[in-house]
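Note that our numbering gives residue 12 to position 12 of the sequence shown, counting from 1, and the numbers run on in steps of one. Beta carbons: idealized from backbone N, C-alpha and C, even for Gly. Note that the structure is predicted; figures quoted are calculated from it, not measured.
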Amino acid sequence: MITSVQNEKVKQWHKLKKRKGRHKANAFLIEGIHLIEEALTSKWKVQELIVQNGVELPSWARETKVSIVADHVLQSITDTKTPQGMAAVVEINKPIWKPFKKLLLIDAVQDPGNLGTMVRTADAAGFDAVILGTGTVDLYNDKVIRSTQGSLFHLPIFHQSLEDVISNLINQSFDVWVSTLDEGAKEYTHLQVPDKIALVMGNEGAGISQEIIELANQKVHIPIYGQAESLNVSVAAGVLMYYLNN
Numbered sequence: 001m002i003t004s005v006q007n008e009k010v011k012q013w014h015k016l017k018k019r020k021g022r023h024k025a026n027a028f029l030i031e032g033i034h035l036i037e038e039a040l041t042s043k044w045k046v047q048e049l050i051v052q053n054g055v056e057l058p059s060w061a062r063e064t065k066v067s068i069v070a071d072h073v074l075q076s077i078t079d080t081k082t083p084q085g086m087a088a089v090v091e092i093n094k095p096i097w098k099p100f101k102k103l104l105l106i107d108a109v110q111d112p113g114n115l116g117t118m119v120r121t122a123d124a125a126g127f128d129a130v131i132l133g134t135g136t137v138d139l140y141n142d143k144v145i146r147s148t149q150g151s152l153f154h155l156p157i158f159h160q161s162l163e164d165v166i167s168n169l170i171n172q173s174f175d176v177w178v179s180t181l182d183e184g185a186k187e188y189t190h191l192q193v194p195d196k197i198a199l200v201m202g203n204e205g206a207g208i209s210q211e212i213i214e215l216a217n218q219k220v221h222i223p224i225y226g227q228a229e230s231l232n233v234s235v236a237a238g239v240l241m242y243y244l245n246n
């Protein structure tokens, strides 16, 4: 059993709490039984389980490498107040590009909760994949992971320049919708759902970059009926994704 936070293995786990450490190790931390089970059932490689002393290992996890740790050691590497007695080191999966039809593209969204919610909603709405553009918060940030509720293990998620992606998608007969309040944006319900769609959602404050707006072939907006200035980006993404799956 590991009882010291100065243990070399614990120090390596701590490095996974930072983006640089995750990138170097090609791995990230997850917390809690639900996320660990989702990772295993989705065939992601769980390199190691970190289990609090006295916690019984579920039957589905018994073939995975395990490190038993003292309570305070687990608390030192987790961010939730109640980590359910278990964490895991998961290898970052390399997604495979396929002939997708419904894509969510995310331009520089900064809030971890927003990104996680959009990934979860894309999964629920039947989208095929998510593409994260430059400036977007790290997918493997612990708050993002928790907000996805396991959906990051269900969808291929790519990191690419959206400018390059959009040009390629248009050449593949995709309709590219950008959610914007710019002049000329059409109310989304007035548009037919295309066969191949890429929906672009932008930064919470600045919206979608002008360069990306100019590349898209359709500007759309969601009407506001009350006095609110706008919708939260993850809420707006949900409205549009469900419409596009009609």
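- In this structure, the alpha-carbon of isoleucine 208 lies about 15 Å from that of valine 137.
- Boundaries around tryptophan 13 are those of the alpha helix (DSSP H), 8-15, since no beta strand (DSSP E) includes it.
- A contact between stretches requires three or more CB pairs, one per stretch, nearer than 8 Å, and the stretch 89-97 fails this requirement with the stretch 169-186.
- Nearest to valine 89 by C-alpha distance, out of Glu183, Tyr243, Ile33, is Ile33.
- In this structure, the CA atom of valine 51 is about 13 Å from the CA atom of tryptophan 13.
- Counting the other Cβ atoms within 10 Å of the Cβ of aspartate 195 gives fewer than 16, which makes it exposed.
- Linking lysine 24 to tyrosine 140 through their CA atoms gives a straight-line distance of about 13 Å.
- In the three-state reduction of the DSSP assignment, glycine 238 falls in the helix class.
- When the Cα atoms are used, glutamine 47 and leucine 155 turn out to be separated by approximately 20 Å.
- Phenylalanine 158 is bridged by DSSP to Ile131.
- DSSP assignment within the stretch 92-151 yields the following whole alpha helix (DSSP H) runs of 4 residues or more, N-terminal first: 112-124, 142-148.
- In the three-state DSSP reduction, tryptophan 44 falls in the coil class, being neither helix nor strand.
- For secondary structure counted as the beta strand (DSSP E) over 3 or more consecutive residues, the stretch 169-204 holds these complete runs in sequence order: 175-179, 197-202.
- Valine 144 is not a Cβ neighbour of isoleucine 77, given a cutoff of 8 Å.
- Between methionine 201 and valine 109 a beta carbon distance of about 7 Å is seen, short of the 8 Å cut, so the two are scored as contacting.
- Secondary structure at glutamine 52: strand, using DSSP grouped into helix, strand and coil.
- Glycine 133 and asparagine 203 have their C-alpha atoms some 11 Å from each other.
- Under the three-state reduction of DSSP output, glycine 21 falls in the helix class.
- A Cβ-Cβ distance of about 5 Å is found for the pair alanine 70 and threonine 3, placing them in contact under the 8 Å criterion.
- Lys219 is the residue among Asp79, Lys219, Pro58, Leu115 whose C-alpha sits nearest the C-alpha of histidine 190.
- Burial is judged here by how many other beta carbons sit within 10 angstroms of a residue's own beta carbon; leucine 181 has fewer than 16 and is exposed.
- In the assembly as shown, asparagine 245 is an exposed residue. Its beta-carbon has fewer than 16 other beta-carbons within 10 Å.
- A buried status is given to isoleucine 36, since no fewer than 16 other beta-carbon atoms sit within 10 Å of its beta-carbon.
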